[in-house]
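Colleague: Got a structure for you, questions after.
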Amino acid sequence: MHAVIRSSASPLVGAALILQLFACSAKLETEKPPAATPNPMADPAPLAPAHPAAGTPEATPKKAAGEAMPANATVAVGAGPAGQVSGRLVSKGNKFLADSVVYIEEVKGKFRAPTGPSVIDQKGSTFIPRVLPVLKGTRVVFDNGDAIDHNVYSPDNEKFDLGIWKSGGKSRVFRQLGVYTNLCKLHPTMISYILVLQNPYYAVTDADGAFSIKDVPPGTYKLRAWNERLTAEVVDLTIEKGQSIEVVLPLRR
Ligand SMILES: [Cu+2]
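Here this note's numbering is used: the first residue of the sequence shown is 860, the next is one more, and so on.
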């Protein structure tokens, strides 16, 4: 059960600064004051004070192309059995939000990669999925489902080339942290990305840029977002035991 009621206020500051701030519900057993943590490197966009506004109807800010981008906003919304970081990415015109990876850069401890592999298919000369985050040490199978030759290679990090083959899979274990661009020498339009991450606390955004990272252990972290075209600020956040945090994270060129 989620004993959190989410409400929001959308103050307009200056021309068109929209911040979505989530306030604590008065019904929380252990109430935490809302904390807004602007990144000091962000544009000089003042964060409006987060007044608890339980019962205020949720306003949906309309975003148009050319609108000013909001600063990132990080707000604790309540406590529950497991920590959670969720929220959404925003961008100018809300473009390119899908298939971003939002992840916690480093979490103390060692995380064992899953015993089974992750899979990237090649179908219709397209890598599916286009973006695949994996835990360090994960085996990734490239499965050629086409009846034609494909190749998989990456010019990134330690580089690799799996050769050229028709039907069936070839695999490799990704042991080095980083982003790998996967390409096919035979089909220049084929591209996909593997993000090798230190811990399993990551999520891929949906078409609206929404994400949810569950079961996050308490700690102070850097939250990052990777996007094929745009970049995001790094967000510092502290999550306490069982706390839920909502983040609105802008992507920029
Ligand atoms: Cu190919």
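C-beta: ideal position from N, C-alpha, C; glycine also.
Owing to the predicted nature of the structure, the values given are computational and were not obtained by experimental measurement.
Of all the beta strand (DSSP E) runs that stay within the bounds of the stretch 928-989, which reach a length of 3 or more residues?
Modeller: Correct list: 932-938, 943-949, 960-963, 977-982, 985-987.
Colleague: Any chance the CB of LEU1045 is under 7 angstroms from a heavy atom of ligand 2?
Modeller: For ligand 2, the structure offers nothing, since it holds only ligand 1.
Colleague: Any heavy atom of ligand 1 within a distance shorter than 7 angstroms of the CB on SER1030?
Modeller: No, the beta carbon of SER1030 sits no closer than 7 angstroms to any heavy atom of ligand 1.
Colleague: Taking the beta carbon of PRO1059 as the centre, do at least 16 other beta carbons fall within 10 Å, making it buried, or is it exposed?
Modeller: Counting Cβ neighbours within 10 Å, PRO1059 comes out buried, since at least 16 surround it.
Colleague: Which word fits ALA935, buried or exposed, when buried means at least 16 other C-beta atoms lie within 10 angstroms of its C-beta?
Modeller: Answer is buried; the Cβ neighbour count reaches 16.
Colleague: Since I believe ASP1015 is in contact with VAL1038 (beta carbons under 8 angstroms), could you give me their beta-carbon distance rounded to a whole number of angstroms?
Modeller: Right, their Cβ atoms sit about 6 angstroms apart.
Colleague: Indicate the three-state DSSP secondary structure (helix, strand or coil) for ASN1041 in the structure shown.
Modeller: Residue state, collapsed to three classes: strand.
Colleague: Does any heavy atom of ligand 1 sit closer than 7 angstroms to the C-beta of MET1049?
Modeller: Yes; taking the cut-off as 7 angstroms, the Cβ of MET1049 has a heavy atom of ligand 1 nearer than that.
Colleague: Helix or strand or just coil, what does DSSP make of HIS821?
Modeller: Given a span of 860 to 1112 for the chain in the structure shown, any question on residue 821 remains unanswerable.
Colleague: Could you name the residues that DSSP lists as bridge partners for LYS1081?
Modeller: Beta-bridge pairing links LYS1081 to ASP1095.
Colleague: Would you report the Cα separation of SER1071 and VAL1000, rounded to the nearest angstrom?
Modeller: If I take the Cα positions, the gap works out to 26 angstroms.
Colleague: Could you say which of LEU1110, ASN1086, PHE955, PRO1076 lies nearest to GLU965 if we only look at CA atoms?
Modeller: Answer by Cα proximity: PRO1076.
Colleague: Comparing the CB of SER1013 with every heavy atom of ligand 1, is any distance shorter than 7 angstroms?
Modeller: Not so, every heavy atom of ligand 1 lies at least 7 angstroms from the Cβ.
Colleague: Since LEU1108 is in the beta strand (DSSP E), which residue starts that stretch and which ends it?
Modeller: Segment 1102-1111, the beta strand (DSSP E) holding LEU1108.
Colleague: Excluding the 5 residues preceding and the 5 following ILE1053 in the sequence, name in chain order all residues of the same chain whose CB lies nearer than 7 angstroms to its CB.
Modeller: These residues qualify, in order along the chain: LEU991, VAL993, VAL999, PHE1033, TYR1039, ASN1041.
Colleague: Do ILE1007 and LYS982 have their beta-carbon atoms positioned less than 8 angstroms apart in this structure?
Modeller: Not a contact, by the Cβ cut-off of 8 angstroms.
Colleague: What are the residues that DSSP puts in a beta bridge with ASP1008?
Modeller: Note: ASP1008 sits in a beta bridge opposite LYS1025.
Colleague: Buried or exposed for PRO1113, please, with buried defined as at least 16 other CB atoms from any protein chain shown within 10 angstroms of its CB.
Modeller: For residue 1113 there is no data in the structure shown, the boundaries of the chain being 860 and 1112.
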